[in-house]
Every structure is written in structure tokens, then in C-alpha cells.
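For reference, the structure is listed below as C-alpha cells.
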Amino acid sequence: MKRWVLGLLLMATGAISAFAQSGGGKVTVSGTVVDGTDQSPVIQAGVQVLSVKDSSVVAANVTDVDGKFRVAARPGKYLLKISYIGYRSDFRTVYLNANRPRLNMGEIPLEIDAVMLGEAVVVAEAPEVIAKEDTLVYNSSAYRVPEGSALEELVKKLPGAEVDESGKITINGKEITKIMVDGKEFFADDPNVAMKNLPVNIIDKVRAYDKQSDMAKMTGIDDGEEETVLDLSVKPELNKGWIGNVDLAAGTEDRYSGKMMVNRLVGGNQFTVIGSANNVNDAGFPGGGGGFRGGSQNGLNATKMIGFNYAVTTEKLESGGSVNFNYKDTDVRSKQNSETFVSSQSSSFKNAIDASRNKSTNMKADFRLEWKPDTLTWLMFRPRFTYGKTDNGSSSNSFTFNEDPELTTDELVAADDITSLVSEEKIINTIVRNTLSKADNINAQGMLLVNRRLGKPGRNITMRMRYNYTNNDSEQFSASHTDYYQTAEEALANGVMSEILNRYITTPTRTSDYAVRLSYSEPIFKGGFLQFSYDFQYRNSKTENSTFDMPDDWAVNQGFLSDQAVFNTDLSKNAEYNYFNHQAEVQLRVIRNKMRFNVGASFQPQRSTLSYTMGDYSIDTVRTVFNFTPTLDFRYNFSKTSQLRVNYRGRSSQPSMTDLLPITDDTDPLNVKLGNPGLKPEFTNTLRIFYNTFNTEKQRGVMTHFSFQNVMNDISNRRTYDETTGGYRTMPENINGNWNLFGMLGTNTALRNKKFTINTFTMARYNNIVSYISSRETLSDTDKNKTRQLVMSERLRGTYRNDWWELSLNGSLTYNHSRNSFQEQNNMDTYQFSYGASTNFRLPWNMSVSTDISQNSRRGYTDNSMNRDELIWNAQISQDFLKGNAATVSVQFYDILRRQSNISRTISAAMRQDTEYNAIYSYCMVHFIYRLNLFGGKGGRAPMGPGGFGNGGHHGPGPRRF
């Protein structure tokens, strides 16, 4: 079997032919297994087709997360056996007839086996994760989080999941771009709304899978535009009526937080209102678990949000949408020290301190309408409108040296005269800069998709039309004072030359984008389809950049002084860009019982025009190019819980037309940008391989992911360093040698009585990064700097849980091996490791306690201040009260020992940089949480049982079903 599958990958044509000739002849038996008491689905129940003659197993499968099953066998008389631990097995005689290829058994209820429950089974713990084809299903009840936690705390515990400081979510290395609730979109493409506001106690399961684009969903042909989503299912007992949640909190250090959610679920329809306000950087809840923590978000963040989401389904019409308003105020202060590799013998060193205050207001309205007027026609319309306003101010003080000053940034900033600490021969420049930028952005877009089936199964025609309009007005005020210490003697005054640049820049931009796509799909053999498509896109963009010089004594808070501003003709520029793209595409799709195979290619002739004016330079240019994009997607299902997927995509990208112009932009004298008429297009190859499997009986799962990417003629930058000013001249340049490898292996294993589980997550990444940098105008291959970086990490967690207590021991290790071809002294071997424990237990009098403690350490950094140990301890205690435990009061303690810091390091082929940000980590919060559930059924508000768990936090494993 393995050789056969491998042969498919190596010889696609032969494989297609073999599959086309393979015969079926089997009859498919399907049905739904439910609990005979409450009609809820029974998941992972065994389904066996037995021979009547000797009871041998002819075919077998298990039910999915909805209790559904499908199993195939050749025509004949059989015995169908349905079994699951804690239930009496159900036997039924079935007759499979070749003239009736599908047999639906309907609902099959299983009755509880009281003897088995009393003698053999105490509690059937829910498995943490189940792999079902290309979907990972996480059982929410298998993860304990503190009372009142939002979705983010649950996701952080999922095997293979990571949430970084910006809120970006990845599952097994794939970024989550959308969150859905019961299969319906939830606040469009803003996952943070759900992550920060949806309470965990309403969630039953979390599914992670690749969602097809609307176009692929209609046509069945992969278009490469799929996105990885998290699909949340609401607990069945809460999936009707009104549910709500209010969470109000206040704390030390002037911290506050408030959340509100009201949800109406009825007949498969959803109506949700969410609101929140806080200044705690959305830190989540303490006591949720250990691990290395680099600080939640940079700076101090105060956010306010309110939004509405709905989804309504009727027989022919399905509609949904959301309106979301968000305000954010961020105060960020940072200290940096960096080293830029200028050549194999020298480096440039920089220390800087920055302070910024950024305010943003955003409103987004997103709607979706699906209409099926008949069984052959499908129409979808998606309009969207967004408005954004920003008001950002910043100030910075930086120092650049030709040798390491071996002083901290604080010491340099505190000095009245820097030459009293560092000799002038080592100082290149010092810069004091203040900026203020404001912008208003309006965007309107829409997409109309129409699909018509043309009688024969698989034959259809599809049309997609898209429109996008953007109106952006931005203005920037900047004032900078630069002192140069290494310029020519004749230019010096008192040993230092000063330069003052005070400017006002306004940049209005208007962009319109139209696109039409037609596609036709034709069945060519059983399970084989050809799709042809044509796509036309037109884009027009106009930008007018006006630069004004302001007086030397001007400050940015004075705004634009029209009577004193001087228009700078040399630096002002106008550009109008027109883009015409034609794309012809052909794809072959083959579908078999266990296999899906897509292969195709697209051909893209493009024509672009640019009218550009800057100072005395003016040009009208035309560019015609041709792009080619091959694609391949192969999926093989070894079983319902085991799948292999191989995906390849090639992509050609053209340089921007302004990069091709022979111009010099010295708006910033220390960052001069040049064009390069000789740029070539780049081509990116991406190969991804996924494999997952799950053993239902032993509750053991394995997930693997491998990817390789290389870029030919990568459009990168060539930088020339000026040793006298500390500035750079940057020109885009084609560079070969940039590639990366990524691999991960995740396992989940249940041990004795399913009460013990062990999770491991192993990751390795190798980056080969190439760049050009030198202090010479003429560069050669000797100026090509190569950085080879290997990052390996291991996360291990062991958990014991019963009805009222959970204990987890966890550890992580990350090793970073970096080699630099320019300067061997900058080679690094660093370690970050963490180990600790977390526990969550419920006391009989409706009180719960959660706490975690972890030791976080860094080793191997040349800067000893980076080699530190941080013992982080968080805790929470909560008390439920009122009827049905509807209310909770909790006290939360963050960073009790006051040891957490926020330091990060970045490494590239050109530099390494260490940055420390401001934040408040150690504080205490008191929360009041009230939960509302009306008409939610008898299980809507789970009462506290003896030794069990009520609602509020997330606790109880089900006694019978996964």
C-alpha cells in the first residue's frame, strides 16, 4: 500500500489512469448513532459489518464527531454491529443490493448498559484531540482552564497551538485566519474578537481544518486560496435560547477590565452582541499553565470594542455578517541595542530609546448572502466596508558607533555630553527625532459569485466578480536633529556637524480594483473532472506625495504652518499605476473513496503602465510580463482518522514598477533608496506534507507537518553603508540562496484509565538567509553575507485529571544555533528553557483554585543581561454562588514574585537586535462574573454535583461520550 501511494506521488499520470480504471461495486451503509436517553450523538462508536457465516469482520469504521458513520461492503447479507463502552451493542441484519449503492440506516439509538457502567467503567475521559481526515477535533472538556476564562486560554492549551504576543494563532505551524461558530463565520476575518471575548464554558468542541474558498466550495476545484480556521461547536444543551456572560474587574496598578456577551441561539440561527474594555493587554487568566512567556503584548494597551454578529439560515437563503467597532490606545517605550554587520571585519553598533503613543479607531461591516433559488443554482454576495483612523506620535534618541561602546542605553541617554563616556573616534552620529502621523482610510469592496450546474453531475459554470476601492489620506510631521562626528574636517564646526530636517509630507492615495473570473468544469471519466477558467483583473492607483520643508525652530505639535512651509520640488512625487492581468488556468481533479488528487497550472500575461514624476525626473513606462504557476494537491485517507496530504505550489512574482526606475529618493539622508532597472521576477517553490493519525481504542494521536520553501531570484535589498554618516544606500537586488525547512511532530497519548495524558510537540526550523551589505560602493560575492539558523524546540506536558482535580507538569526547551559568514564572533548557540506545574481543582463548597508556577531561563547570550532566570507564579481563587452557580467572584494574582521581563532578540543575515519593552506584569484583579441562560433546556445551567464541576470554568468530562 505504501509503495502504491508513493507511486502515485511520483507518477501522477499513471496514478490517474489506474484510478480511472478501478472499479467500485460496493454498497455504502450510513447512519447516525445516538444516545437512547437524550438523543445526543455518540462519538467514536465502533461500526462493524460482520459475515453472517462466521462473524468475521468484512468492514469497519467509527462514528465521527456528529455520531455519523459510513462503511462500504460488497453486495450480500451481513450483520451490522454498533458498539461503544457503557452501552449495549446493537445488532441488525442488512441486505446490500448492487442496484441500491447507498443504504441509510437513519438514527440508531444505543441503550445504556447499567451492568457495564457499574462494574467496568467509572469515567470514560474525553480524548484531548481526535484526528478525522484533515480535521483535528479538540474536546473542550479535556482541558481545564480557570473560572471565567475566554477562548484564548483554551487555545493556548491545545496540542500544537501557539498564540504570540500580537494575537497571531498557529496550529501545527499553520496560521488561523478565521474563527467560526457551529460552521458559521464569526466576526469575519478577525479571530481576536472570539479569542478575547467568547467564554470557554459554552464551547463543546474545537475543530481545526483548512476551509475552502467560496470559489472552490462551489466548483469543487482547489484554487489555492483555502484558509485554516477554528470551528467552535456550542454545547448542545446551550444551543437554544438566550445565553449571556458579564465579567467586570478592577485591580491594582489602575488596571480594569470588562466584558459582555449576549447570544441568541434558535433553530440553527445565531445573534451575538459582544463588548469589552480593558487596559490589561488582554493578559488572560492566571493559573492556566506554565511555559516560557516573553510578555503578552509590547507596551501598555487600552482597548474598547463593541460588535454584533448574526447568521440566519432558511431553506433557500443563508445570510450572516458582523459590525465591529474598535478603539485602541497604545503607550510603548522600548530600549534597543543592535549590531549591523558591515563587512567581515567591521560592524555598526546602535543604541536607541523610543517612546510612542498610538491611537486607532476602526469600524468594519462585513456581510454574506447565499441564495439557492433551485437545486441547480447557487449565488453568493459578500459586501464589506471598513473605516480606519490613526493618530500616532513618537520620539526617539539614538546613538551609532563604529565600535561597541560597552555601555547601556540608559547610561548613554543620561549623559549630558556623550563624549564624556565615549571617545569621538568611536561615535558616528546621534539623532533626536520626533514624528506625528495621521491617516484616514476608507475601503469598500464586494464579491458576487454565481454557480450553475448544467445537468450532468460535475458539469457546472461559475462566474465571480470582485470590486475594491480604497481612499487613503495620510500626513506626516517629522523633526530631526542629527550630529555627525566622522565627516570631513572642512565641514565640521566645533568638531561636530549638525543637520536639522523638519518636514511635512501629505500622501493621498486612491485605488480601484476590478476582477471577473469565469470557470467551467466538465466530468471526463468517473470521479475525474477538468476545470477551465479565465480571470481578468484591472487595477488603477494614484498617489500624490507633497513634501514641505519647515523652519528650523518648528515643532511637530505646531502642525502645518502654511505661511512658513516651503514646497520641496525635488522630493515631491506623483505616480499613476495601471495594471492589466489575464489568467488562464486548467486543473484536473480525481476523486476516489480514499483519495483526492488535484493538479493544474495557470498562465498569466500581465501588462502594467506607470506615469511617474519626481522633481525634474518624469517617465511614462510600460511593462509586459508572463507568469506561470503550477499546483498539485494530493490527499489519501488511510482511514477516517488517518490522512496523508501533499501540496505543492509555485508562484512567480514581479518587482514593483517603482523599484525598476533609475531614480534616487533621499527624503531621509540616512536611508537613501535607489531603483534597479535590471531586476528580474522571483519564483517561489513551496512544498508541504501533512500526516495525522489517531488510534481510537488507545486514544493516541500523531500529527506531523513538513514544509520546504525556496525563492529563486529573491527580490531582496543590497545595502551600502557609509562609515562617516552611519547611513545606508539601499537598492533592490535579485539574490539566490534564500530557503527554509520546517518540520514538526506532535503526539497525544492517554495512559492508565485515560486519566493520564502525555502531550509532546517537537519542532525544527532551518533558515538559510542571504543578503548583500558592505561599506564599498561596488559589491562582489565576498560581500554576500550568509546566516544559517537552526531552531529546535520541544514541549512536553503530562496531565492527570479526575472529576474534581487536574495537575499538569510541563517543560519546554528551545535551542537556537546561528552561524554568520561575515563575523564568526557573532555565531550564537542560545537556549531558552522552562519547567513548571499547574493545577486546577474544585472544592466541595463551589470554590475552585487555579495556580501555575514556572522557571523560565535563557542561556548562551553574549550580553549577560540576557542570561537570566525568571520564576513566574500566578494564581486565582474563585467562588460560585446564586442558583445554578450563575455568579462567580474571583481574585487573580499575576506575577506574584515580580520577576517577569519583556526582552526579545531578532537575528537576520544583516544584523542582530535586542529590545526591551515596558509593561505591567505584576498586579491583582478582582472579577465578578454573571452567566445568563434562558430556555436552554434542563442542562442549560449545569448545577453543582457532589465532587463535580458546575459551569463557569471549564471542567467536567462526560461519563459516556467523547
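Letter by letter, the sequence shown follows residues 2 to 963 of the numbering used here.
Note that CB positions come from ideal geometry on N, CA and C, so glycine has one too.
- Uninterrupted alpha helix (DSSP H) stretches at least 4 residues long and entirely within the stretch 53 to 120 occur at 115 to 120, given in chain order.
- Non-local C-beta neighbours of Val-927 in its own chain, meaning closer than 7 Å and more than five positions away in sequence, comprise Ala-250, Ala-251, Gly-252, Val-892, ordered along the chain.
- Cβ atoms of Val-230 and Ile-177 come within 8 Å of each other, at about 7 Å.
- If you ignore the 5 residues before and after Met-912, its C-beta comes within less than 7 Å of the C-beta of Ser-339, Glu-340, Thr-341, Phe-342, all in its own chain and listed in chain order.
- In the same chain as Asn-472, and ignoring 5 residues on each side of it, the C-beta atoms closer than 7 Å to its own belong to Ile-443, Arg-511, in chain order.
- The Cβ atoms of Tyr-773 and Ile-716 do not sit closer than 9 Å to each other.
- Counting only runs of 3 or more residues that sit fully inside the stretch 744 to 824, the beta strand (DSSP E) segments are 757 to 775, 785 to 802, 806 to 821, in chain order.
- Under DSSP, the beta-bridge partners assigned to Asp-915 are Asn-338, Arg-906.
- Of the residues Asp-571, Phe-537, Ile-770, the one whose Cα lies closest to the Cα of Asn-546 is Asp-571.
- For Asp-853, no alpha helix (DSSP H) run applies; the uninterrupted beta strand (DSSP E) run containing it begins and ends at 848 to 860, by DSSP.
- With a 10 Å radius around the Cβ and a threshold of 16 neighbouring Cβ atoms, Val-235 comes out buried.
- Put simply, the backbone Cα of Asp-830 is about 16 Å away from that of Asp-915.
- The beta-carbon distance between Glu-186 and Arg-369, rounded to whole angstroms, is 7 Å. This is short enough to meet the 8 Å contact definition.
- In the three-state reduction of the DSSP assignment, Lys-260 falls in the strand class.
- DSSP, read as helix, strand or coil, puts Asp-215 in helix.
- The C-alpha of Asn-768 is placed about 20 Å away from the C-alpha of Ile-172.
- For the options Ser-858, Val-414, Arg-730, the alpha carbon positioned closest to that of Arg-720 is the one of Arg-730.
- Excluding sequence positions up to five before and after Thr-705, its CB lies within less than 6 Å of the CB of Tyr-692, Leu-746, all in the same chain and listed in chain order.
- Residue burial annotation: Trp-846 is exposed, with fewer than 16 other C-beta atoms found within 10 angstroms of its C-beta.
- Under the three-state reduction of DSSP output, Leu-152 falls in the helix class.
- Comparing alpha carbon positions, the residue from Met-713, Trp-806, Ala-765, Thr-750 closest to Val-771 is Met-713.
- In the DSSP annotation of this structure, Glu-407 is not part of any beta strand (DSSP E), being labelled neither H nor E.
- Ile-131 sits in a strand when the DSSP states are folded into three classes.
- Taking the Cβ atoms as the reference, Gln-856 lies roughly 6 Å from Gly-837, within the contact range of under 8 Å.
- If you keep only unbroken beta strand (DSSP E) runs of at least 3 residues inside the stretch 629 to 686, you get 643 to 654, 672 to 675.
- Here Ser-142 is buried: its Cβ has 16 or more other Cβ atoms, across all protein chains shown, within 10 Å.
- It is roughly 14 Å from the alpha-carbon of Thr-315 to the alpha-carbon of Leu-380.
- Of the candidates Tyr-85, Val-281, Val-63, Val-53, Val-281 places its Cα closest to the Cα of Phe-894.
- The Cβ atoms of Pro-606 and Asn-579 lie no closer than 9 Å to each other.
- CA-CA distance, Phe-92 to Pro-102, rounds to 21 Å.
- Taking 9 Å as the cut-off, the Cβ atoms of Val-53 and Tyr-79 count as close.
- Judged by DSSP in its simplified three-state form, Val-194 adopts helix.
- Excluding five sequence positions before and after Val-30, the CB atoms of its chain that fall closer than 6 Å to its own CB belong to Val-72, Leu-104, given in chain order.
- Rounded to the nearest angstrom, the gap between the Cα atoms of Arg-900 and Asn-140 is 34 Å.
- Ranked by how close their Cα comes to the Cα of Lys-574, the residues Ala-415, Lys-543, Met-551, Ser-563 have Lys-543 in first place.
- Rounded to whole angstroms, the separation of the alpha carbons of Asp-804 and Asn-202 is 16 Å.
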